[in-house]
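Taking it in order: structure first as structure tokens, then the write-up.
Below you can see the structure in the form of structure tokens.
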């Protein structure tokens with residue numbers, strides 16, 4: 001999903017992402033890979049500055065419409081950096097098993113994960129159904145700017161692609177151009193972010209300059225046509241001949257933040273941003289840590305000998321893991337609007353009496369299966385509330401939340417048999433027909 005960066009504390013968010021990456025990838029691996037890479041991983045020039053300069057400063061954004069996409073920067077890296085990239089790949093290969101390996105023993109959890117949005121949060125744009133749809137559509141008229149974006153795909157001529165694979169993904173690149181304000185410029189779109197449950201937003205990453213752009217348009221669930229990417233209303237004014245023609249400029253830290261939340265693993269800041277170093281989507285090992293040792297020992301009947309790297313022994317630890325991407329007070333500004341706050345579920349939960357007065361007993365998984373898609377069964381959600389708040393046919397529950405002196409007070413005085421969610425967690429409209437339930441559980 002696109003992020004309303006105007007209303008986030010990006011520094012706190014970046015710190016949280018960095019901490020999670022360090023835990024997942026081991027401190028020892030970082031020490032090996034950091035040497036000699038600082039100069040290679042700095043962007044040639046910030047796209048914030050570049051946005052007021054010629055768009056030709058970004059090689060990937062200055063190709064002719066018929067040119068194939070660039071192959072990346074690996075062949076241009078200094079020998080020491082290439083060695084570090086190679087070491088990182090060896091490390092990932094040795095420690096990460098992949099979701100399919102988990103499926104061998106955890107079939108139910110794997111099947112549930114495949115239904116969830118986490119399993120499809122990051123897709124190569126040219127491999128997405130949206131790319132085919134837009135290429136067939138041909139163009140899109142911006143509703144707020146005097147711009148028409150043109151779409152096309154290029155055929156995959158790789159000799160390494162099998163006929164079956166080629167028929168599944170016949171395109172090699174998805175290209176965007178805009179003749180009126182950026183004549184002769186084409187943008188190869190790299191990633192499509194978002195599961196599609198709410199929306200999907202494309203970004204283009206130029207590996208040469210370590211910069212990019214969040215595209216001006218997004219696809220929204222339930223809508224046939226694409227529309228303005230959320231928060232891009234503030235970018236209605238733009239300068240012709242700059243990267244602003246195509247959307248919001250991204251620097252290296254912006255790109256790492258996007259990939260950090262939409263992937264299982266991306267390269268650490270000591271290495272350059274490269275498509276080949278990304279493990280797509282939020283998979284099993286994003287939350288459970290590298291598990292290849294566990295898989296290897298499991299085949300020998302010794303699975304318990306490989307302890308999880310990431311543990312959730314307290315409710316706070318569990319909530320912090322979810323908040324890494326779903327946001328809490330460390331990454332949401334105090335003056336954010338209600339519609340913005342409703343997007344960040346951990347932010348609301350951590351302010352609820354249900355959480356504050358039952359430490360360790362309420363987390364996201366109290367109501368949501370962390371492996372599966374979000375349930376829309378309202379009766380099931382209400383039943384979860386009544387586990388602690390009574391309201392059964394047999395009278396009030398014997399449980400209560402916090403220092404409530406009388407169990408009968410746990411039953412809602414207004415609607416004992418009513419809809420808890422409608423009153424205490426109402427849906428809040430955000431943008432483009434998207435709404436989120438406010439997870440700050442209280443009387444609204």
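Residue numbers (this note's numbering): 1 to 444.
Cβ atoms here follow ideal geometry from the backbone N, Cα and C, with glycine treated the same way.
Would residue i be called buried (16 or more neighbouring beta carbons within 10 Å of its own) or exposed?
i: residue 446; result: In the structure displayed, the chain extends from 1 to 444; residue 446 sits before or after that span and is not available.
i: residue 335; result: exposed
i: residue 204; result: buried
i: residue 245; result: buried
i: residue 80; result: exposed
i: residue 342; result: buried
i: residue 269; result: buried
i: residue 248; result: buried
i: residue 459; result: The structure shown has nothing for residue 459, since the chain only spans 1 to 444.
i: residue 97; result: buried
i: residue 360; result: exposed
i: residue 200; result: buried
i: residue 90; result: exposed
i: residue 100; result: exposed
i: residue 350; result: buried
i: residue 86; result: exposed
i: residue 155; result: exposed
Rounded to the nearest angstrom, what separates residue i and residue j at their Cα positions?
i: residue 185; j: residue 263; result: 29 Å
i: residue 440; j: residue 222; result: 27 Å
i: residue 308; j: residue 289; result: 7 Å
i: residue 286; j: residue 180; result: 43 Å
i: residue 129; j: residue 215; result: 17 Å
i: residue 193; j: residue 122; result: 5 Å
i: residue 141; j: residue 150; result: 9 Å
i: residue 447; j: residue 88; result: Lying before the first or after the last residue shown, residue 447 is absent from the chain, which here runs from 1 to 444.
i: residue 299; j: residue 271; result: 34 Å
i: residue 431; j: residue 233; result: 11 Å
i: residue 390; j: residue 376; result: 22 Å
i: residue 304; j: residue 374; result: 30 Å
i: residue 218; j: residue 209; result: 24 Å
i: residue 226; j: residue 220; result: 7 Å
i: residue 102; j: residue 197; result: 25 Å
i: residue 379; j: residue 367; result: 12 Å
i: residue 213; j: residue 202; result: 9 Å
i: residue 321; j: residue 95; result: 21 Å
Return the residue from the list the options that minimises the CA-CA distance to residue i.
i: residue 183; options: 241, 104, 100, 90; result: 241
i: residue 126; options: 176, 426, 104; result: 176
i: residue 443; options: 388, 352, 371; result: 352
i: residue 421; options: 198, 433, 437; result: 437
i: residue 250; options: 268, 273, 228; result: 273
i: residue 493; options: 190, 296, 282; result: The shown model of the chain, from 1 to 444, leaves out residue 493, and the question about it has no answer.
i: residue 108; options: 424, 371, 419; result: 371
i: residue 106; options: 87, 348, 291; result: 291
i: residue 174; options: 142, 136, 211, 195; result: 136
i: residue 318; options: 189, 305, 362; result: 362
i: residue 75; options: 331, 207, 418, 300; result: 207
i: residue 388; options: 379, 354, 197; result: 354
i: residue 356; options: 111, 316, 331; result: 316
i: residue 280; options: 190, 228, 239, 238; result: 190
i: residue 254; options: 230, 211, 231; result: 211
i: residue 369; options: 83, 111, 73, 104; result: 111
i: residue 114; options: 284, 314, 301, 302; result: 284
i: residue 358; options: 382, 383, 314; result: 314
Going by beta carbon distance, what residues of the same chain come within less than 7 Å of residue i, once the five residues before and after it are set aside?
i: residue 435; result: 427, 428, 429
i: residue 266; result: 256, 259, 260, 277, 278
i: residue 236; result: 144, 145
i: residue 327; result: 344, 346, 347
i: residue 338; result: 428
i: residue 139; result: 148, 149, 150, 151
i: residue 40; result: Residue placement at residue 40 is poorly supported in this model, since its pLDDT is 42, which falls under 50; the coordinates still yield a value, given next. Excluding residues within five positions, the ones whose Cβ falls inside 7 Å are 77, 78, 81, 272.
i: residue 195; result: 117, 120, 121
i: residue 312; result: 318, 321
Per DSSP, which residues does residue i bridge with? Please list them.
i: residue 383; result: Its beta-bridge partners do not exist; DSSP assigns none.
i: residue 355; result: Beta-bridge pairing links residue 355 to no other residue.
i: residue 217; result: 228
i: residue 281; result: 263
i: residue 427; result: 437
i: residue 206; result: 211
i: residue 249; result: 213
i: residue 151; result: 176
i: residue 192; result: 123, 202
i: residue 332; result: Answer is none; residue 332 lacks a bridge partner.
Is residue i close to chain C, meaning its C-beta is less than 7 Å from at least one C-beta of that chain?
i: residue 231; result: Protein chains in the displayed structure number just one, and chain C is not present.
Using a Cβ-Cβ cut-off of 6 Å (strictly less than) and excluding sequence neighbours within five positions of residue i, which residues of its own chain qualify?
i: residue 424; result: 441
i: residue 433; result: none
i: residue 293; result: 306
Grab me the residues of residue i's own chain with a C-beta within less than 8 Å of its C-beta, minus the 5 sequence neighbours each way, in chain order.
i: residue 418; result: 412
i: residue 73; result: 207, 208, 272, 274
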